[in-house]
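Heads up, the thing below is written out as structure tokens.
Number of protein chains: 2
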Amino acid sequence: MQSKIRIGIAGYGNLGRGVEMAIAQSPDMQLVGVFTRRDPASIQLLDASVPVHPLDDIERFQQQIDVLILCGGSKNDLPEQGPALAALFNTVDSFDTHATIPEYHAALDQAARPAGKTAMLSVGWDPGLFSLNRLYGEAILPVGATYTFWGKGLSQGHSDAVRRVPGVKAGVQYTIPAEEAIERVRNGELPELSTREKHKRECYVVLADGADAADVEQAIVSMPHYFADYDTTVTFITEEELRRDHAAMPHGGVVIRSGTSAAGTTQVMEYTLKLGSNPEFTAAVLVAYARATWRLNQQGVVGAQTVLDVAPALLSPKSPEQLRKELL
Amino acid sequence: MQSKIRIGIAGYGNLGRGVEMAIAQSPDMQLVGVFTRRDPASIQLLDASVPVHPLDDIERFQQQIDVLILCGGSKNDLPEQGPALAALFNTVDSFDTHATIPEYHAALDQAARPAGKTAMLSVGWDPGLFSLNRLYGEAILPVGATYTFWGKGLSQGHSDAVRRVPGVKAGVQYTIPAEEAIERVRNGELPELSTREKHKRECYVVLADGADAADVEQAIVSMPHYFADYDTTVTFITEEELRRDHAAMPHGGVVIRSGTSAAGTTQVMEYTLKLGSNPEFTAAVLVAYARATWRLNQQGVVGAQTVLDVAPALLSPKSPEQLRKELL
Numbered sequence: 001m002q003s004k005i006r007i008g009i010a011g012y013g014n015l016g017r018g019v020e021m022a023i024a025q026s027p028d029m030q031l032v033g034v035f036t037r038r039d040p041a042s043i044q045l046l047d048a049s050v051p052v053h054p055l056d057d058i059e060r061f062q063q064q065i066d067v068l069i070l071c072g073g074s075k076n077d078l079p080e081q082g083p084a085l086a087a088l089f090n091t092v093d094s095f096d097t098h099a100t101i102p103e104y105h106a107a108l109d110q111a112a113r114p115a116g117k118t119a120m121l122s123v124g125w126d127p128g129l130f131s132l133n134r135l136y137g138e139a140i141l142p143v144g145a146t147y148t149f150w151g152k153g154l155s156q157g158h159s160d161a162v163r164r165v166p167g168v169k170a171g172v173q174y175t176i177p178a179e180e181a182i183e184r185v186r187n188g189e190l191p192e193l194s195t196r197e198k199h200k201r202e203c204y205v206v207l208a209d210g211a212d213a214a215d216v217e218q219a220i221v222s223m224p225h226y227f228a229d230y231d232t233t234v235t236f237i238t239e240e241e242l243r244r245d246h247a248a249m250p251h252g253g254v255v256i257r258s259g260t261s262a263a264g265t266t267q268v269m270e271y272t273l274k275l276g277s278n279p280e281f282t283a284a285v286l287v288a289y290a291r292a293t294w295r296l297n298q299q300g301v302v303g304a305q306t307v308l309d310v311a312p313a314l315l316s317p318k319s320p321e322q323l324r325k326e327l328l
Numbered sequence: 001m002q003s004k005i006r007i008g009i010a011g012y013g014n015l016g017r018g019v020e021m022a023i024a025q026s027p028d029m030q031l032v033g034v035f036t037r038r039d040p041a042s043i044q045l046l047d048a049s050v051p052v053h054p055l056d057d058i059e060r061f062q063q064q065i066d067v068l069i070l071c072g073g074s075k076n077d078l079p080e081q082g083p084a085l086a087a088l089f090n091t092v093d094s095f096d097t098h099a100t101i102p103e104y105h106a107a108l109d110q111a112a113r114p115a116g117k118t119a120m121l122s123v124g125w126d127p128g129l130f131s132l133n134r135l136y137g138e139a140i141l142p143v144g145a146t147y148t149f150w151g152k153g154l155s156q157g158h159s160d161a162v163r164r165v166p167g168v169k170a171g172v173q174y175t176i177p178a179e180e181a182i183e184r185v186r187n188g189e190l191p192e193l194s195t196r197e198k199h200k201r202e203c204y205v206v207l208a209d210g211a212d213a214a215d216v217e218q219a220i221v222s223m224p225h226y227f228a229d230y231d232t233t234v235t236f237i238t239e240e241e242l243r244r245d246h247a248a249m250p251h252g253g254v255v256i257r258s259g260t261s262a263a264g265t266t267q268v269m270e271y272t273l274k275l276g277s278n279p280e281f282t283a284a285v286l287v288a289y290a291r292a293t294w295r296l297n298q299q300g301v302v303g304a305q306t307v308l309d310v311a312p313a314l315l316s317p318k319s320p321e322q323l324r325k326e327l328l
């Protein structure tokens with residue numbers, strides 16, 4: 001019997017916890033340790049038998065970890081941690097700052113390749129599964145247009161922006177795709193859509209004591225970049241309602257490729273995700289790609305890799321024969 | 001500049017014509033010839049400057065064709081043609097008899113591998129893109145269930161069955177997915193669905209002179225395997241209505257993976273195709289995989305391959321750098 005793939009987790013927030021859950025659903029994998037910059041004693045894992053170590057000690061674990069899943073943030077953690085850890089381990093991360101993917105890719109490649117390691121970056125659903133579907137769409141229907149709509153989902157960046165407004169005690173923001181726009185795309189109309197036509201934004205806000213609701217609402221809806229270009233609604237709620245109704249982290253969206261054959265026939269490819277938990281789903285994608293990363297490394301494929309480089313069969317614990325028989 | 005990928009087409013029915021159209025939309029490819037078992041003079045291509053040759057002469061063209069796209073049928077043509085041609089050319093086909101894929105794969109592999117050729121089988125949307133989504137679904141959400149619904153679409157096999165009924169002059173059959181069943185799956189209910197609950201069948205029939213409508217309807221709806229297990233409707237139409245309203249070959253369907261995280265959260269992945277023309281779309285998928293087949297062969301990856309083995313980036317004419325920058 002093949003031995004289990006030994007996984008380490010670096011960083012234990014919502015994403016790291018999701019990875020722990022996803023490994024528990026993967027019989028061919030084993031979680032060998034969690035690494036944190038916080039006090040290890042302060043970390044409570046779902047499985048208390050798994051050890052928690054200081055991240056600073058991780059170098060000692062090179063022989064015990066096949067793939068390290070990096071669960072830090074794209075803004076502050078990964079640009080530094082990613083290349084440093086990719087020189088020591090096979091890694092998988094969810095780096096999602098689209099604009100800087102090329103330079104992050106180069107940094108990882110430079111670190112991983114000489115070390116004989118494989119560094120899988122930007123895994124998740126966008127970038128990730130949505131990227132794959134943008135690629136399949138335009139490769140198969142080269143004459144056409146691709147549309148991505150996000151939501152309904154909780155946006156961390158926009159929620160942070162709401163919370164920075166004076167007079168806001170707490171709050172969340174949901175990105176809502178415009179159903180009318182999606183319908184037009186589905187019907188093969190190939191519409192040109194403005195920012196305002198594609199998404200709406202809904203804010204749920206707890207007012208600070210003495211703050212003026214009208215002022216706060218105005219400050220939010222007129223905020224440049226974040227809200228001014230959208231139809232934005234602000235609903236004031238109590239702290240209890242926030243806790244009760246807005247604690248989940250749902251998200252999702254849809255990628256649509258609408259293409260035309262040389263005969264003028266319309267063909268529509270559509271990929272939809274409806275996620276009860278954004279971090280738990282992103283974690284599940286990371287774990288499947290950790291399996292592929294280990295296999296690629298075993299095959300001698302080293303350096304920076306992305307979901308675009310991974311043959312789908314590498315994601316599954318099943319054998320090629322089984323996959324052809326059961327799924328093809 | 002890289003030279004164009006030189007494509008040959010073996011078989012020129014609806015699928016072969018679709019492949020000719022798709023190549024015309026692919027600037028990195030060139031159609032060098034069509035090969036047929038019919039009289040070449042009887043074949044009218046969309047581009048009259050492309051030569052048509054007897055299939056029996058194809059061996060002479062080994063140096064002029066990079067990838068041969070096989071456009072014959074799965075029942076009678078491919079089981080014999082596939083291995084014979086895979087010993088001479090890199091091939092791509094749309095073999096879709098799910099039950100015999102393993103043995104067809106073995107036969108192709110045995111022919112192609114010693115010849116240093118790459119044989120890509122079962123390309124299209126099911127098997128093909130739907131297979132990919134079944135794989136991505138269960139690899140990412142291992143605890144859950146996968147559902148495939150087909151239609152609304154014209155089914156060749158069921159249309160043939162209708163036409164074999166005594167008293168039927170002509171007719172077509174559409175497979176209709178049950179919207180209520182799809183809704184239940186989308187909502188994460190993980191329902192157990194009977195054959196009757198998943199699809200309905202609609203037949204449009206032209207009666208032969210003197211045939212009894214009630215008898216014909218009864219013969220259709222009670223036909224074992226094809227219709228008896230479904231809610232089937234039969235609508236009688238005129239020959240002119242058949243020509244006018246039922247000449248297109250639309251199809252499509254949806255693959256849904258409904259999974260549950262270890263925390264009990266429901267996550268739903270959904271892949272939908274809405275195809276104005278089934279053969280034109282299948283052809284477009286074949287052409288994208290012809291590009292990948294050529295690249296795999298150039299990399300030394302020979303023998304039988306399927307869509308499950310193909311890294312997505314190989315399908316696109318864009319460079320890896322461009323893909324990462326634009327699509328990731």
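Protein chains in written order, with full-length UniProt numbering: chain A, 1 to 328; chain B, 1 to 328.
Backbone N, C-alpha and C define an ideal beta-carbon position, used for all residues, glycine too.
The structure presented is a predicted model; accordingly, all values stated were derived computationally and were not measured.
What does a CB cutoff of less than 7 Å around residue i pick up in its chain, not counting 5 residues either side in sequence?
i                 : result
Val285 of chain B : Val123, Gly124, Trp125, Gly128 and Leu129
His131 of chain A : It should be pointed out that residue 131 of chain A corresponds to Ser in this sequence rather than to His. Cβ neighbours of Ser131 of chain A beyond the five flanking positions: Val307 and Leu308.
Ile182 of chain B : Phe149 and Val254
Phe227 of chain B : Arg201, Ile220 and Val221
Glu280 of chain A : Gly18 and Met21
Ala145 of chain A : Leu190 and Ser258
Val143 of chain B : Gly259 and Thr260
Less than 8 Å between C-beta atoms, sequence neighbours within five positions excluded: which residues of the same chain meet that for residue i?
i                 : result
His199 of chain B : Phe149, Trp150, Gly151, Thr175, Ile176, Pro177, Ala178 and Tyr230
Met223 of chain B : Ala161 and Val165
Leu315 of chain A : Ala288, Tyr289, Arg291 and Ala292
Met1 of chain A   : Low confidence applies here, because Met1 of chain A scores a pLDDT of 49, under 50, leaving its location unreliable; read the following figure in that light. For Met1 of chain A, where only same-chain residues beyond five positions count, there are no Cβ hits under 8 Å.
Glu321 of chain A : none
Taking the alpha carbon of residue i as the point to measure from, which residue in the options has its own alpha carbon closest?
i                 : options                                  : result
Glu197 of chain B : B:Val206, B:Val216 and B:Arg184          : B:Arg184
Asp209 of chain B : B:Ala145, B:Ala170 and B:Pro51           : B:Ala170
Ala313 of chain A : A:Leu296, A:Gly8, A:Gln305 and A:Gln267  : A:Leu296
Ala263 of chain A : A:Leu141, A:Gly11 and A:Ala145           : A:Leu141
Ser66 of chain A  : A:Trp294, A:Leu190 and A:His246          : A small correction: the amino acid at residue 66 of chain A is Asp; Ser does not occupy that position in the sequence shown. Of the listed residues, the one whose Cα sits closest to Asp66 of chain A is A:Trp294.
Ala214 of chain B : B:Glu241, B:Pro250 and B:Val168          : B:Val168
Glu138 of chain A : A:Leu78, A:Ala86 and A:Ser261            : A:Ser261
Tyr147 of chain B : B:Asp109, B:Leu154 and B:Arg186          : B:Arg186
Tyr12 of chain A  : A:Pro54, A:Gln25 and A:Val221            : A:Pro54
Pro83 of chain A  : A:Asn14, A:Tyr104 and A:Ile256           : A:Tyr104
Arg324 of chain A : B:Pro279, B:Ser155 and B:Met120          : B:Met120
Ser155 of chain A : A:Asp109, A:Val50, A:Ala247 and A:Lys318 : A:Ala247
Ser26 of chain A  : A:Val50, A:Ile7 and A:Ile58              : A:Ile7
Pro250 of chain A : A:Leu135, A:Glu241, A:Ser277 and A:Asn76 : A:Ser277
Phe89 of chain B  : B:Ile9, B:Val216 and B:Leu135            : B:Ile9
Using a Cβ cut-off of 8 Å, pull out every chain A residue sitting near residue i, in sequence order please.
i                 : result
Met29 of chain B  : In chain order: nothing, as chain A lies at least about 10 Å away.
Ile101 of chain B : Arg324, Lys325 and Leu328
Ser131 of chain B : Leu327 and Leu328
Given that residue i touches chain A, what residues does it touch there, using C-beta distances under 9 Å?
i                 : result
Glu280 of chain B : Ser261, Ala262, Ala263, Thr265 and Gln267
Give the interface partners of residue i over in chain B, defined as CB-CB distance under 7 Å, in chain order.
i                : result
Gln25 of chain A : Pro142, Val143 and Ala262
Can you give me the Cβ contacts of residue i inside the same chain, cut-off strictly under 6 Å, excluding the 5 residues immediately before and after it?
i                      : result
Ser74 of chain A       : Phe95, Asp96 and Thr97
Ala219 of chain B      : Val165
Leu78 of chain B       : Gly72, Asp93 and Phe95
Gly116 of chain B      : Val302
residue 345 of chain B : With chain B covering only 1 through 328, there is no way to say anything about residue 345 of chain B.
Name the chain B residues whose beta carbon is nearer than 9 Å to that of residue i?
i                 : result
Asp270 of chain A : Inspection of the sequence shows that residue 270 of chain A is occupied by Glu rather than by Asp. Chain B residues near Glu270 of chain A: Val254, Glu270, Tyr271, Thr272, Leu273 and Lys274.
In chain B, which residues lie with their C-beta within 8 Å of the C-beta of residue i?
i                 : result
His105 of chain A : Arg324
Ala247 of chain A : Simply none; closest approach about 12 Å.
Arg134 of chain A : Leu327
Pro224 of chain A : Residues of chain B passing the Cβ test: none, with the nearest at roughly 26 Å.
Met21 of chain A  : Ser261, Ala262 and Ala263
Val285 of chain A : Ile140
Ser277 of chain A : Ser261, Ala263, Thr265 and Gln267
If the cut is a Cβ gap below 7 Å, which residues of chain A does residue i touch?
i                 : result
Pro127 of chain B : Leu328
So, do the region 10-20 of chain A and the region 28-36 of chain A have three or more beta carbon pairs nearer to each other than 8 Å? Contact holds: three or more Cβ-Cβ distances are below 8 Å.
In the region 289-316 of chain B, which residues sit with their C-beta less than 7 Å from some C-beta in chain A, listed in chain order? Taking 7 Å as the Cβ-Cβ cut-off against chain A, the residues of the region 289-316 of chain B that qualify are Thr306, Leu308, Asp309, Val310, Ala311, Pro312, Ala313, Leu315 and Ser316.
I'd like to know if the region 228-247 of chain A and the region 203-215 of chain A are in contact, where contact means that at least 3 CB-CB pairs between them fall below 8 Å. Put simply, the region 228-247 of chain A touches the region 203-215 of chain A. At least three CB pairs are less than 8 Å apart.
Inter-stretch contact at 8 Å, needing at least 3 Cβ pairs: the region 270-279 of chain A / the region 266-285 of chain B: Taking 8 Å as the limit for Cβ pairs, the verdict is that the region 266-285 of chain B does touch the region 270-279 of chain A.
- Task: Could you please tell me which residues of the region 68-96 of chain A, in chain order, have their CB closer than 8 Å to any CB of chain B?
- Result: Result list empty, no residue passes.
TODO: Could you list the residues in the region 30-53 of chain A with a C-beta less than 8 Å from some C-beta on chain B, going in chain order?
DONE: Cβ contacts with chain B come from Leu46.
- [ ] Give the residues from the region 110-126 of chain B that approach chain A closer than 8 Å (Cβ to any Cβ), ordered along the chain.
- [x] Among the residues of the region 110-126 of chain B, those with a Cβ less than 8 Å away from any Cβ of chain A are Ser122, in the order of the chain.
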